[in-house]
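Going by the working numbering, 211 is the number at position 211 of the sequence shown; the sequence numbering is gapless.
Where a beta carbon is used, it is the ideal one built from N, C-alpha and C, also for glycine.
Every value quoted in this text rests on a predicted model; they were computed, and no experiment measured them.
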Amino acid sequence: MTEFKRVILVIVEGLGLGAAPDAAVFADNGADTMGHLCNHFRVRLQLPTLQKMGLGSLHPRLAARETPVYSYYGRLRSMTSNKSAVEDYWELLGVVDEEEPTAYPSGFPAALIHQLEQQFHRPVLVNAPYQPQHLLEDYGDAQVATGGLLVSTSGGSDMVVSAHEATIDGEELVQVGRFIRRFVDQQDSDRLQMVQTLPFAGSPGRYYYRFARQRTFYLRPPQPTVINRARAVGCPVKVVTGETAFADLQSVLKNTPGAGLYLVPVHEVDRAGYQRNPEDSGQQLMKFDQHLAEVLPLVHPDDLLIVTANHGNDPAFSGEESTREWLPLLAYSPSLRGGRLADRATLADIAATIQDVLGLADGPISGCGHSFRSLLL
1 MTEFKRVILV IVEGLGLGAA PDAAVFADNG ADTMGHLCNH FRVRLQLPTL
51 QKMGLGSLHP RLAARETPVY SYYGRLRSMT SNKSAVEDYW ELLGVVDEEE
101 PTAYPSGFPA ALIHQLEQQF HRPVLVNAPY QPQHLLEDYG DAQVATGGLL
151 VSTSGGSDMV VSAHEATIDG EELVQVGRFI RRFVDQQDSD RLQMVQTLPF
201 AGSPGRYYYR FARQRTFYLR PPQPTVINRA RAVGCPVKVV TGETAFADLQ
251 SVLKNTPGAG LYLVPVHEVD RAGYQRNPED SGQQLMKFDQ HLAEVLPLVH
301 PDDLLIVTAN HGNDPAFSGE ESTREWLPLL AYSPSLRGGR LADRATLADI
351 AATIQDVLGL ADGPISGCGH SFRSLLL
C-alpha cells in the first residue's frame, strides 16, 4: 500500500453530478449541475484536466469525451438531514450533526441588532432576508450616506453584514463579524451556522461586492473534526483560499516538503450557482480546470490530491438554494494506478481516509465514514 505524507483536499463548491437518491426530500428531483452546464455550453465546455482525472466517466453527458488515465474516480453523497453549506463541510471533515440549525426567515432578533448598534455606534439600516444584489440596489446609497450596517440573510441559518469599503475599513468589518459570532454563541437557544462580512465598492448604480475580502465565521462543530485531530498530533494544517489560492498552493507543493493537510475551498462555481448564472458557473469551472492542470505536475508521489465538492448548485434549477446531488470523488497521486471507485454513502468517507492516510487516531471520527485508502493501489 502506498504511503502518503501529505493530503491536499480541493473542494469545488457547487459541482454536482445529478440528483442524489434523497433529492425528492429536498424538492431537488431533476437537479443536475453538470448536465445543465453541458446543455448550456455544449462543445464550449472544455474540462480536459477533470476529464482525464475521471469526471468524464461519472456523468453520461461527459462519457464520450475523454477516458480517465491517472486517477481514481467515483461518486459520493451527503447523509445530513439538512441542506447546509456548514453541515456539508462538517461532514467532509468527519462530523454529521442531526441537530437543527436556527433559521431566520424574518431577520434577526432585536436584542442582537441593539447590541450591534451599541457596540459599534453605527445604525443597522436593514435586517431582513434579501438577495445580495437587490440589497445594494435598495440600500447601497443609504449605507454610503450614513456609514450604517446592512444585515441580511437568505432566510436560513446565515447572516451577511455588508458596508461600503470607503465607509468602514476592512478590519472594523471583521471585528463586527467576530462580535456577532461571540454574541450569538452565548445564546443557548441560537444555532446560527454562518456569519459573513462582505464589503462592497463602486458608485451609485454600480455597486459590486468585494468577494475576495469576504470573511466567514462558522458555528463550531459539535465534535472534533479531522482538522482538530491532525493539529492535536502536530500535523501542519493550512487552508489555502482567496484570489491567490492556486499560486499559494503551487508554492506549498514546491517549497514545503513533509507531512501536512492542505484544504483548498473553491467558491466561484457555487457563487454563480446561487445567482442562477450558468454561463458564469461554467466559465468558473473551466478556469478551475486550468488551475488544476498547473497543480498536478507539482504533486509528489507521496502526496494524495483529492478533488470533491460539498454540494451541488445547479444554475439552471428553480429556487435560490444549493441542490442535493451526487458529488465527484477524484483521487490522484503519481504513485497510483487509477480506476473506478464504488459509490460512497457519505462525505465523511473523505475524512476517514485522511485520518487513515495521515496516521491519526484509530476509528471513525464520529461513528460514520469509512476509509477508501486500501483501494488506492
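Practice task
Give the straight-line distance between the Cα atoms of valine 239 and aspartate 158, rounded to the nearest whole angstrom.
Solution key: Going from the Cα of valine 239 to the Cα of aspartate 158 covers about 22 Å.
Handout entry: Beta-carbon gap between leucine 116 and isoleucine 180 smaller than 9 Å
Key = Yes, the Cβ-Cβ distance between leucine 116 and isoleucine 180 is below 9 Å.
Handout entry: Candidates Asp314, Gly273, Ser78, Leu358: closest to glycine 234 by CA position
Key = In terms of Cα proximity to glycine 234, the closest of Asp314, Gly273, Ser78, Leu358 is Leu358.
Practice task
Might you give, ordered along the chain, the residues of its own chain that have their beta carbon closer than 7 Å to the beta carbon of glycine 30, omitting 5 neighbours on each side?
Solution key: Same-chain partners within the cutoff: Ala19.
Exercise for the section: Count the other CB atoms, across all protein chains shown, that sit within 10 Å of the CB of glutamate 325; report buried if there are 16 or more and exposed otherwise. Expected result: Buried.
Exercise for the section: Look at glycine 177 and glutamine 196 and say whether their C-beta atoms are less than 9 Å apart. Expected result: At the C-beta level, glycine 177 and glutamine 196 come within 9 Å of one another.
Problem - Among Met53, Ala331, Phe217, the one whose alpha carbon lies nearest that of leucine 192 - result: When Met53, Ala331, Phe217 are compared, the shortest CA-CA separation from leucine 192 is found for Phe217.
Problem - Where leucine 329 sits in the DSSP three-state scheme - result: Looking at leucine 329 - three-state DSSP - the assignment turns out to be strand.
Exercise for the section: Return the residue from the list Gly205, Pro48, Gln51 that minimises the CA-CA distance to aspartate 138. Expected result: For the residues Gly205, Pro48, Gln51, the minimum Cα distance to aspartate 138 belongs to Gly205.
Problem - First and last residue of the uninterrupted beta strand (DSSP E) at threonine 388 - result: As shown, the chain starts at 1 and ends at 377. That puts residue 388 outside it, with no answer to give.
Exercise for the section: Identify whether aspartate 280 lies in helix, strand or coil by the three-state DSSP scheme. Expected result: Reduced to three states, the DSSP call for aspartate 280 is helix.
Exercise for the section: Please go through the same chain and pick out, in chain order, the residues whose beta-carbon is closer than 8 Å to the beta-carbon of methionine 194, but skip the five residues on each side of it. Expected result: Non-local beta-carbon contacts of methionine 194 in its own chain, meaning distances under 8 Å to residues more than five positions away in sequence, involve Ala85, Val86, Ser157, Asp158, Met159, Thr216, Phe217, Tyr218, Leu219 in chain order.
Exercise for the section: Please determine if the segment 325-342 and the segment 284-294 are in contact, where contact requires at least 3 C-beta pairs separated by less than 8 Å. Expected result: Contact fails: fewer than three Cβ-Cβ distances are below 8 Å.
Exercise for the section: Give the DSSP-derived three-state secondary structure of lysine 52 in the structure shown. Expected result: Of the three classes helix, strand and coil, the one that applies to lysine 52 here is helix, per DSSP.
Problem - Coarse secondary structure for glutamine 115, derived from DSSP in three states - result: Note: glutamine 115 maps to helix in three-state DSSP.
Problem - Test item: CB-CB of glycine 14 and arginine 344 under 9 Å - result: Not in contact: glycine 14 and arginine 344 (Cβ atoms no closer than 9 Å).
Exercise for the section: Rounded to whole angstroms, what's the CA-CA distance from asparagine 39 to glutamine 186? Just pull it up for me. Expected result: Distance between the alpha carbons of asparagine 39 and glutamine 186 is about 48 Å.
Problem - Coarse secondary structure for proline 364, derived from DSSP in three states - result: Legend: pLDDT at proline 364 = 49, less than 50; position of this residue unreliable, value from coordinates given subsequently. Three-state result, proline 364: coil.
Problem - leucine 136 to alanine 166 span [Cα, whole Å] - result: Straight through space, the alpha carbons of alanine 166 and leucine 136 are spaced by roughly 15 Å.
Practice task
Ignore the nearest five residues each way along the sequence and tell me which others in leucine 285's own chain have a CB closer than 6 Å to its CB.
Solution key: Setting aside the 5 residues that flank it on each side, leucine 285 is surrounded in the same chain by Val269, each with a C-beta closer than 6 Å to its C-beta; the list follows chain order.
Exercise for the section: Please state whether DSSP places glutamine 143 in a helix, a strand or coil. Expected result: DSSP places glutamine 143 within a helical segment (H, G or I) once states are collapsed to three.
Practice task
Excluding the 5 residues preceding and the 5 following valine 151 in the sequence, name in chain order all residues of the same chain whose CB lies nearer than 6 Å to its CB.
Solution key: Excluding residues up to 5 positions away in sequence, Val124, Asn127, Val161 lie with their Cβ nearer than 6 Å to the Cβ of valine 151 in the same chain.
Exercise for the section: Verify the contact flag: leucine 92, CB atom, against every heavy atom of the ligand NAP, threshold strictly below 8 Å. Expected result: Annotation note on the ligand NAP: not contained in the displayed structure, which lists no ligands.
Handout entry: 6 Å CB neighbourhood of threonine 353 in its chain, flanking five on each side removed
Key = Excluding positions up to five away in sequence, the list reads Ser371, Phe372, Arg373.
Handout entry: Nearest candidate by alpha-carbon position, reference glutamine 223, set Arg6, Gly94, Asn313
Key = Just measuring C-alpha positions, the residue of Arg6, Gly94, Asn313 sitting nearest glutamine 223 is Gly94.
Exercise for the section: Inspect the beta-carbon positions of histidine 300 and arginine 75 and report whether they are closer than 9 Å. Expected result: Histidine 300 is not a Cβ neighbour of arginine 75, given a cutoff of 9 Å.
Practice task
Give a yes or no on whether the C-beta atoms belonging to tyrosine 72 and glycine 338 are separated by under 9 Å.
Solution key: Glycine 338 sits close to tyrosine 72, with the two beta carbons spaced by under 9 Å.
Practice task
May I have the straight-line CA-CA distance separating alanine 309 from methionine 79, to the nearest angstrom?
Solution key: Each residue's alpha carbon lies about 14 Å from the other.
Handout entry: Distance CB(leucine 376)-CB(leucine 336) smaller than 9 Å
Key = The answer is yes: Cβ separation under 9 Å.
Practice task
Hey, could you find the ends of the beta strand (DSSP E) valine 126 is sitting in?
Solution key: Its beta strand (DSSP E) spans residues 124-129.
Practice task
List the residues that DSSP assigns as beta-bridge partners of serine 162.
Solution key: Serine 162 is bridged to Leu150, Leu198.
Exercise for the section: Give me the Cβ distance between phenylalanine 246 and valine 307, rounded to the nearest whole Å; I'm assuming they're in contact under 8 Å. Expected result: That pair is no contact at about 13 Å.
Problem - Simplified DSSP state of aspartate 169, which is helix, strand or coil - result: The three-state secondary structure of aspartate 169, taken from DSSP, is coil.
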